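Participant: Residue numbers (the numbering used here): 5 to 449. Encoded as structure tokens, here's the structure I'll be asking about.
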Amino acid sequence: MSIIDQRYEEKFPASARMYEKAVGYFPSGITHQNRFAEPFPIYFNRANGGVKYDLDGNEVIDYVMGNGSLIHGHSHPEIVAAISSQVAQGTHLGGNTPFEMEWADAIMRLVPSVEQVRLTNSGTESTYLAIRLARAFNGKPKILKFEEHFHGWHEYALPSQGNAPPASVPQAIMDMVIVVRPNIEEVEEVLAKDPEVGVVILEPTGAHYSCFPLQPDPFLQQLREVTARYGVVLLFDETITGFRISKGGAQVRYNVEPDLTTFGKIVAGGMPGAAIGGKAEIMEMMSFRGEPDWDNHRRIGQGGTFNANPPTAIAGIVGLKMIEERPVNERADALAARLKAGLNEAFVRAEVPGFAYGIASLVNPMIGMEPTGDYETPVISYEDRRAHMTGKRKGFLTKAMLTHGVHVMGGQVFMVSAAHTEEHIDRTIQAFEDSLRELREDGIV
Ligand SMILES: Cc1ncc(COP(=O)(O)O)c(C=O)c1O
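Okay, structure coming up:
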């Protein structure tokens, strides 16, 4: 057994016992495919600010941060107070509420391209709805997406999304999705050849929270120009980047206005909620017009029992207001810059080739490749990324870091929050250096 696995088993015995039981309840014992881990995943039962605790009582500095939804950290007291007071006054009022409007207004203030909003329960629902709206708007059925870009787990998002194969997706649907690399010549070639492509969807800073970085400047501007020229809807999936890459997301930071945007995670203040917004003329594909043919046959319908439920809406309002009015992003970005610099020094001290890069409060380690000199959006080919950040390396980095009390999301991203402290960051840098040495000792790097 590797030294890392041995230390992992010694440190987390309660999780090992829990996992033995869990496999009797859930396929593979898990409730989200990304939580699968060998020999077993860790079980957590509480969290606060920048840390969480496992069943053995270990404190863990958390960079999963609600899969990226907790830019304010765990259980921010103002969000907790707001949710708690609403829960006592109703979790579902079975009708419209003033809260949904306040939530939409907060989104629209931060993201100027959004003229109208609809609220959903997940990023997956938002990207699915966005694709259908785009189709209804221009009548073109096909979707252009980029290799590895993740947009949830509905069928149109499954081709080349990196986390799961498009198993069981009918060929007719696969034929509707064209996958290319984020290269403007390839995009233009597809749009010129295939007039049935009606929407281009992307993670605007690159696949998997920028692990496969693209160069947003000038790629996003080029994409805007090309899609406009071909009458194609430009859809930014800002589920991760929204309210993180800047207060207004990637589109504000890089000054590009998409036609539609999907939001999740941060938009709902750490509660299970999401949104879609964009140009009114596209969003209006959901409106009732009082014309039977339109209303009954052509309008895009949207349901969702828990859409805009009051506790979620209120968490969204409070969370977004904090982003608007306080230096939340500035604080998270500064901590991330400290982390990124420290990880880059750790690679040198541990004598392991590699570097850390990332935008705003996202920090991505890249083990095995020499630095390119750009620590924000470096040019890393898909081949290099796959050759160096293998499943084995990511898995063992995650485990090694956990034994040092740090949880790195998927072994490939640190989602830094405003609730982390300088002390957390410095402990993380030391944990990373120690983990790199252990990876080398175990022959993983
Ligand atoms: C860019 C992106 N889009 C969509 C989704 C799907 O969101 P959800 O998990 O809320 O369905 C995710 C989830 O991680 C994401 O990162």
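Positions of the beta carbon are idealized from the N, C-alpha and C atoms, including for glycine. Note that this is a predicted model, so its numbers are computed, not measured.
In the DSSP assignment, the alpha helix (DSSP H) including residue 426 goes from what residue to what residue?
Facilitator: Looking up residue 426 in the sequence shown gives position 422. It spans 426 to 445 - the alpha helix (DSSP H) in which residue 426 sits, taken as one unbroken run.
Participant: Quick check on this structure: which residue in 403, 27, 169, 76 has the alpha carbon closest to the alpha carbon of residue 319?
Facilitator: Translated into the one-based positions of the sequence shown, residue 319 becomes position 315. Among 403, 27, 169, 76, the Cα nearest to that of residue 319 belongs to 76.
Participant: Where do the N-terminal and C-terminal ends of the beta strand (DSSP E) with residue 3 fall, by residue?
Facilitator: There is simply no residue 3 to check, as the chain begins at 5 and stops at 449 in what is shown.
Participant: Rounded C-beta distance between residue 269 and residue 127? I'm assuming under 8 Å.
Facilitator: Taking the first residue of the sequence shown as 1, we reach residue 269 at position 265. Taking the first residue of the sequence shown as 1, we reach residue 127 at position 123. Confirmed, about 7 Å.
Participant: Excluding the 5 residues preceding and the 5 following residue 134 in the sequence, name in chain order all residues of the same chain whose CB lies nearer than 6 Å to its CB.
Facilitator: Taking the first residue of the sequence shown as 1, we reach residue 134 at position 130. Contacts found: 239, 264, 266, 280.
Participant: Might you give, ordered along the chain, the residues of its own chain that have their beta carbon closer than 6 Å to the beta carbon of residue 346, omitting 5 neighbours on each side?
Facilitator: Numbered from 1 along the sequence shown, position 342 holds the residue referred to as residue 346. For residue 346, where only same-chain residues beyond five positions count, the Cβ hits under 6 Å are 433.
Participant: Since residue 191 and residue 138 should fall inside the 8 Å C-beta cutoff, what is the C-beta to C-beta distance between them, to a whole number of angstroms?
Facilitator: Along the sequence shown, one-based indexing puts residue 191 at 187. Along the sequence shown, one-based indexing puts residue 138 at 134. At roughly 16 Å, the Cβ-Cβ gap does not stay under 8 Å, so residue 191 and residue 138 are not in contact.
Participant: Is there contact here, the stretch 438 to 449 with the stretch 69 to 83, by at least three beta-carbon pairs under 8 Å?
Facilitator: no
Participant: Can you tell me which residues form a DSSP beta bridge with residue 56?
Facilitator: On the sequence shown, position 52 is the one that residue 56 refers to. Paired residue(s): 51, 64.
Participant: Excluding the 5 residues preceding and the 5 following residue 397 in the sequence, name in chain order all residues of the same chain whose CB lies nearer than 8 Å to its CB.
Facilitator: The count along the sequence shown starts at 1 and reaches residue 397 at position 393. 371, 372, 415, 443, 448, 449.
Participant: Is residue 278 near ligand 1, going by C-beta to nearest heavy atom under 7 Å?
Facilitator: Counting from one through the sequence shown, the residue named residue 278 turns up at place 274. Residue 278: yes, Cβ under 7 Å from ligand 1.
Participant: Using the three-state DSSP reduction, which class does residue 120 fall into: helix, strand or coil?
Facilitator: Your numbering for residue 120 matches position 116 in the sequence shown. Of the three classes helix, strand and coil, the one that applies to residue 120 here is strand, per DSSP.
Participant: Below 8 Å, can you find three or more Cβ-Cβ pairs linking the stretch 313 to 328 to the stretch 100 to 115?
Facilitator: Yes, the stretch 313 to 328 is in contact with the stretch 100 to 115.
Participant: Drop a sphere of 10 angstroms on the beta-carbon of residue 337, count the other beta-carbons inside from all chains shown, and report buried for 16 or more, exposed for fewer.
Facilitator: Mapped onto the sequence shown, residue 337 falls at position 333. Label assigned to residue 337: buried.
Participant: Taking the CB atoms as reference points, tell me whether residue 186 and residue 223 lie closer together than 8 Å.
Facilitator: Mapped onto the sequence shown, residue 186 falls at position 182. Mapped onto the sequence shown, residue 223 falls at position 219. Yes, these two residues count as a Cβ contact at 8 Å.
Participant: Tell me whether residue 4 sits in a helix, a strand or coil according to DSSP, three-state version.
Facilitator: Since the first and last residues shown for the chain are 5 and 449, residue 4 lies out of range.
Participant: Could you tell me how far apart the beta carbons of residue 365 and residue 248 are, in whole angstroms, since I believe they sit closer than 8 Å?
Facilitator: Taking the sequence shown and counting its residues from 1, the one referred to as residue 365 is at position 361. Taking the sequence shown and counting its residues from 1, the one referred to as residue 248 is at position 244. 6 Å between Cβ atoms; contact.
Participant: Please name the residue in 420, 431, 429, 445 whose C-alpha comes closest to that of residue 70.
Facilitator: For this step, residue 70 is matched to residue 66 along the sequence shown. When each option's Cα is compared against that of residue 70, the closest is 420.
Participant: Alpha carbons only, please: which of 309, 50, 360 is nearest the one belonging to residue 125?
Facilitator: As a first step, residue 125 is located in the sequence shown; it is residue number 121 there, counting from the start. Taking only the C-alpha atoms, the option nearest residue 125 is 309.
Participant: Just verifying my parser: in three-state terms, what is the DSSP assignment at residue 450?
Facilitator: Only positions 5 to 449 of the chain appear in the structure, and residue 450 is not among them; the question remains open.
Participant: Going along the chain, which residues put their C-beta within less than 6 Å of some heavy atom in ligand 1?
Facilitator: 71, 126, 127, 128, 131, 154, 155, 156, 207, 241, 243, 244, 268, 278
Participant: Among 363, 311, 174, 151, which has the Cα closest to the Cα of residue 95?
Facilitator: Position 91 of the sequence shown, counted from the first residue, corresponds to residue 95. Cα-wise, what sits closest to residue 95 is 311.
Participant: Give me the residue from 392, 19, 98, 72 with the minimum Cα distance to residue 357.
Facilitator: Against the sequence shown, residue 357 aligns to sequence position 353. Here the closest residue by C-alpha is 392.
Participant: For residue 8, name the three-state secondary structure that DSSP assigns.
Facilitator: Position 4 of the sequence shown holds residue 8. Residue 8: helix per DSSP, three-state reduction.
Participant: Check the C-beta distance from residue 33 over to residue 47 and give it rounded, since I have them as a contact under 8 Å.
Facilitator: On the sequence shown, residue 33 is found 29 positions in, with the first residue counted as 1. On the sequence shown, residue 47 is found 43 positions in, with the first residue counted as 1. With a Cβ gap of about 10 Å, residue 33 and residue 47 do not count as contacting.
Participant: With DSSP as the reference, please indicate the residues paired to residue 149 in a beta bridge.
Facilitator: What you label residue 149 is simply residue 145 of the sequence shown in a count that begins at 1. Under the DSSP definition of a beta bridge, residue 149 partners with 183.
Participant: Work out the CA separation of residue 381 and residue 216 for me, nearest whole Å.
Facilitator: Position 212 of the sequence shown, counted from the first residue, corresponds to residue 216. Position 377 of the sequence shown, counted from the first residue, corresponds to residue 381. Residue 216 and residue 381: Cα-Cα distance of roughly 9 Å.
Participant: What does the alpha-carbon distance come out to for the pair residue 289 and residue 146?
Facilitator: On the sequence shown, position 285 is the one that residue 289 refers to. On the sequence shown, position 142 is the one that residue 146 refers to. Distance between the alpha carbons of residue 289 and residue 146 is about 18 Å.
Participant: From the DSSP secondary-structure annotation, give me the bridge partner or partners of residue 241.
Facilitator: Position 237 of the sequence shown, counting from 1, holds the residue named residue 241. DSSP, once it has assigned bridges, lists 266 as partnering residue 241.
Participant: Give me the Cα-Cα distance between residue 64 and residue 425, rounded to the nearest whole angstrom.
Facilitator: Within the sequence shown, the letter at position 60 stands for residue 64. Within the sequence shown, the letter at position 421 stands for residue 425. When rounded, the distance between both Cα atoms is 13 Å.
Participant: With a 10 Å radius around its C-beta and 16 neighbouring C-beta atoms as the bar for buried, classify residue 344 as buried or exposed.
Facilitator: What you label residue 344 is simply residue 340 of the sequence shown in a count that begins at 1. Per the 10 Å Cβ criterion, buried.
Participant: If I measure Cβ to Cβ from residue 354 and keep anything under 6 Å in the same chain, skipping five residues before and after, which residues do I get?
Facilitator: Here residue 354 corresponds to residue number 350 of the sequence shown, with the count starting at 1. So the qualifying residues of the chain are 437, 440, 441.
Participant: On the DSSP letters alone, give me the boundaries of the beta strand (DSSP E) that residue 417 sits inside.
Facilitator: The count along the sequence shown starts at 1 and reaches residue 417 at position 413. Per DSSP, residue 417 belongs to no beta strand (DSSP E) and is neither H nor E.
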